[in-house]
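> Take this structure, written in structure tokens, and hold onto it; I'll ask about it next.
Residue numbers (the numbering used here): 6 to 241.
If you want it as structure tokens, here you go:
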């Protein structure tokens, strides 16, 4: 865990993909214990950054927690593959899920944490029955798979959606964590954390900003997180 109760989850997509092992070692050296891994099938979203076999090889070289975000149409196949690899958290999209409770049970019975993911415009009402079964809800703040498109901006209602989800979780008396993914920039972190974000997927606009070391960017991120936690406390 981080120094605060907010987790920094580096996105492997934003690391040096030609030197993945070195990237993982650099992340470990900073005391970061969670790695965010996107598995995209090229159909649900027009991108295929990492294959299943790559994740298998990564599992062999590190004990860091794997936070896997599935973006595919065949969720059961992908979930089973991730279970076989031995990842710590699996998030699947409700938008492509018919047998949601089955997927939840598959993940839960494997010992992994259960996450459900929502694309930006998917309403929180879709969580009404499933939320109590979730360890994490992953809110996409850009359209899935378009991280490399510089024209893709963070949705303007990001903070409102996080805040609304936080209220829903508290009303139900749950401990579900809120994960945010998509243009989680140094500038936006205080507002995102202030609204209730617990897990920050860190990419090219935060932890992997060029011109500074990973360690330097992490220190700045932690400062921004502290600002956000102060905002959150002030709202209580």
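Cβ atoms here follow ideal geometry from the backbone N, Cα and C, with glycine treated the same way.
Can you give the beta carbon distance from residue 185 to residue 167, rounded, assuming they're within the 8 Å contact cut?
Indeed they touch by this definition, with Cβ atoms about 7 Å apart.
> Assess contact between the segment 50 to 57 and the segment 219 to 228, defined as three or more Cβ pairs (one per stretch) separated by less than 8 Å. Is contact present?
Segments in contact, no.
> What is the DSSP secondary structure of residue 159, reduced to helix, strand or coil?
Coil.
> Under the three-state reduction of DSSP, which class applies to residue 127: helix, strand or coil?
In this structure, residue 127 counts as coil in the three-state DSSP scheme.
> Residue 231 lies in the alpha helix (DSSP H); which residues open and close that run?
Residues 219 to 240.
> Could you compute how far the alpha carbon of residue 233 sits from the alpha carbon of residue 176?
Looking at the two C-alpha atoms, the distance is approximately 22 Å.
> Check residue 204 in the structure and name its three-state DSSP category.
In the structure shown, residue 204 sits in a strand (DSSP, three-state: E or B).
> Here's the rule I'm using: 16 or more other beta-carbon atoms within 10 Å means buried, otherwise exposed. How should residue 149 be labelled?
Residue 149 is buried by the Cβ-count criterion.
> Can you say whether residue 82 is buried or exposed, counting buried as having 16 or more other CB atoms within 10 angstroms of its CB?
By the 10 Å Cβ count, residue 82 comes out exposed.
> Where does residue 57 land, buried or exposed, given buried means 16+ other C-beta within 10 angstroms?
The residue is exposed, with fewer than 16 neighbouring Cβ atoms inside 10 Å.
> Going by Cα to Cα distance, which pick from 86, 75 and 49 is closest to residue 64?
Residue 64 has its Cα closest to that of 86, out of 86, 75 and 49.
> Which whole-angstrom value is the C-beta distance of residue 41 and residue 72, which I expect to be below 8 Å?
With a Cβ gap of about 5 Å, residue 41 and residue 72 count as contacting.
> Thinking just about the alpha-carbon of each residue, which of 66, 61 and 97 is nearest to the one in residue 75?
Here the closest residue by C-alpha is 97.
> Please check the pair residue 17 and residue 38, which I expect to be a contact at CB under 8 Å, by giving their CB distance rounded to whole angstroms.
Rounded, the Cβ-Cβ distance is 14 Å, inconsistent with contact.
> Which residues mark the beginning and the end of the alpha helix (DSSP H) in which residue 96 is found?
Where residue 96 is concerned, there is no enclosing alpha helix (DSSP H), although the beta strand (DSSP E) it sits in stretches over 94 to 98.
> The alpha helix (DSSP H) spanning residue 86 covers which residue range?
80 to 90 is the extent of the alpha helix (DSSP H) around residue 86.
> Based on Cα-Cα distance, which residue from 163, 131 and 196 lies nearest to residue 300?
Residue 300 is absent from the model: the chain starts at 6 and stops at 241.
> Under three-state DSSP, which class holds residue 57?
Note: residue 57 maps to helix in three-state DSSP.
> Can you tell me which of 109, 116, 107 and 105 puts its alpha carbon nearest to the alpha carbon of residue 89?
Residue 116 is the option with its Cα nearest to residue 89.
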